[in-house]
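In what follows, a single structure is set out as structure tokens and then discussed.
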Amino acid sequence: MAEIKDRASAATAVREAVYKSCMYKDDMNWEKWLNLCDDDFSYAITAYSPEIQRNMTYLSGNREDMRTMMEMLPKHNSDHSPLKRHCSVYEVEVDEENKTATAVSSVLVYQTMLDGVNCHVDSGESKVFLVGRYCDKFRVNEDDVKFIEREVQLDTRRLDKGSHYPI
Amino acid sequence: MAKSRNHAEWNAPPPFKADEYVDSRIYSDEGIFEEELEKIFKKAWIPVCHESELAKAYDFRTVTIAREPVILVRGKDMQVRAFLNVCPHRGNMIERRPSGTFLDGSPSGNPRHMTCMFHAWQFDMKGRCVYISRQEEGYQDRLKKSQVGLRELKCEVYFGGFIWVCLDDDIGMDVKEWSAGALECLQPSLDEEPLEIFHYHKAIIPCNYKLWHDTNCEFYHDYLHYHNRITGFNDGYFARKNMGFDNGHINVGSFEVQYDNYEGFDSRAAISFPHLPPNHWYMIDMFPGVNFNLRGSSLRCDLMTPLGPDKVMIEFRGLGLKSDDEATRRHRIEHHNSIWGPFGRNLHEDLLAVTGQGVSMDAQAEPRKILHGRHENETIHDENGMRHFYEEWGRWMNRSPSDPTKPFSEPSKAESKSKEEALA
Ligand code: FES
Ligand SMILES: [Fe+2]
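In order, the protein sequences belong to chains W and S. For the first sequence, my numbering gives the first residue as 1, with consecutive numbering after it. For the second sequence, my numbering gives the first residue as 1, with consecutive numbering after it.
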């Protein structure tokens, strides 16, 4: 692990962590994803609904909840069409003491059909699954940064079949 | 001995009575679909949204019933009224937003009015036309504002604050009569204090709306859901009764959910709805496509808007009590979303299953027999709920669900007829 000696190197580590989180989730390597997160990590998928004019939470959990969910995946019947995240980190802010950091990233999630509808016809077809932003909080350690919060703020509210996978 | 079947065997009627299966054309035929909009959706009470979605005077909400755009507005008198969201001038849709307030003006019109942006005709919250631009110049005395009011629709707030609309002026019954007793099991829990919406999302699924309603009406698909499989199929569970009511409604009696058996879920007892025994779970399916589902701490409502024979929009709502403090509300939301949210465990599985049904029931595919012939003393895995629905559907459509090319005949008549045939 690289040493994080100043706020600039913390910001670089934050960017890398955001991209790694996408890559691990794309690869459904949930263990590696959770390893980027601290013990007090919390996750939420939220959205604002102009229909009911309220902020909503679509999914939430702590690190343990997320682990349980991932471990139970084989016991569920799921749409196994893989999701791929296209992400751009827009803004990183590291606090004065170089202890915590926040990042805002744009995220687009594509779904490549596998077994979701009629696989003979549509497997292999890619489409936009959802549009949103990652609003992340990090703890800055001596040799790495760890996620303590990820809020996925969705624009998309028409989610059709939905998903068992975290975004 | 079990064996596979050839084409003739596959197409032979099942060893069931006619009310124990349906023909898949009722899920795929374009003509039948159009007929359903006319004969059913334009004639039934539909709970289009919840009063908390338009809580303040001048708030509005727009929806669609059977392709007709509808607007709900709350007047200065706090009463909710429903109108066709259609301008009497040249048919523009008056309001385009999903919800909002008329307290603010719009580019073409004044505050506290519904304004059609096209030629700026304006209407008040009671649907009266109050302004026609250059009225005298163009219409002289040939057209009065009183002749161009909005089309008002029957509208009632009932059952925990749901807003029900009916396109048919002549339905001849209020929502209480329409529900025919099906809502009574939850009425004390929902009417004790005001409710508030906390969840909304929608799905457009390539299947017929009735397939979603069927799934909500049958619990035999417990096998689809990991959590239901392991919650313990105990005696209490299997004693839950499916009850049929007039007008095609059904409900499923309660039992106590053992959340200890759910990995990663806690008990809902502490924040169960008023008058609901801790962790109990009731389900009501209203004809033709509405579901109310109270699972201890949160209420779910599904509303189906059929968009085509093979396309349905399902709106999912979650509700708690208006009096909830922040922590209680958060718990209700967690309980709701972990199972029923778009990323929840059960909803995704249910939606996958009906999508699969939709694939096999393409309009041009060979008609199939879809079975609902389970009899288990009208308890949870009995399929009497679906049979009850389709009997009513047949009556409204005057088509036999098991052969939609034939007219409906009342079950008693059909039964005696089949006996006669057997004797002949
Ligand atoms: S169409 Fe509405 S004012 Fe002309
Ligand atoms: Fe289900």
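No residue lacks a Cβ here, since even glycine has one placed at the ideal position from N, Cα and C.
Shortest gap from the CB of L224(S) to any heavy atom of ligand 2: under 7 angstroms. Short note on N279(S): C-beta not closer than 7 angstroms to any heavy atom of ligand 2. Chain W places no beta carbon closer than 8 angstroms to that of G109(S), leaving this residue out of the contacts. Interface criterion not met: the Cβ of R268(S) is under 8 angstroms from no Cβ in chain W. When secondary structure is reduced to three states using DSSP, E376(S) falls in the coil class, being assigned neither helix nor strand.
Assigned with DSSP and collapsed to three states, A327(S) falls in helix. By the 16-neighbour rule on beta-carbons within 10 angstroms, M173(S) is exposed. Annotation: L211(S) is outside any beta strand (DSSP E); the continuous alpha helix (DSSP H) that includes it extends over Y209 to C217.
Chain-ordered, the chain S residues with CB closer than 7 angstroms to the CB of K75(W) read Y226. The DSSP-derived three-state label of W164(S) is strand. The three-state secondary structure of D65(W), taken from DSSP, is helix. Look at H89(S): its beta carbon is less than 7 angstroms from one of the heavy atoms in ligand 1. In the structure shown, the three-state DSSP call for M113(W) is coil. Cα atoms of G296(S) and R268(S): separation of roughly 6 angstroms, rounded to the nearest angstrom.
Looking at the DSSP output, I71(S) bridges to T62(S) and F83(S). In its chain, beyond the 5 residues on either side, F123, K145, V148 and G149 have a beta carbon closer than 6 angstroms to the beta carbon of C129(S).
According to the DSSP assignment, A17(W) belongs to the alpha helix (DSSP H) that extends over R7 to D26. A residue is called buried when at least 16 other Cβ atoms come within 10 angstroms of its Cβ; V22(S) meets this threshold and is buried. In this structure, N110(S) has its beta carbon at no less than 7 angstroms from each heavy atom of ligand 1. Secondary structure of S52(S) (DSSP, three-state): helix.
Just so you know, the alpha carbons of N337(S) and T57(W) end up roughly 8 angstroms apart. T115(S) is bridged by DSSP to Q122(S).
If you check the C-beta of C116(S) against ligand 1, you find a heavy atom less than 7 angstroms away.
The Cβ-Cβ distance between R345(S) and S298(S) does not fall below 8 angstroms. Look at G253(S) here: in three-state DSSP terms it is coil, with no helix or strand label.
Contact of V117(W) with chain S is assigned, a C-beta pair being separated by under 8 angstroms.
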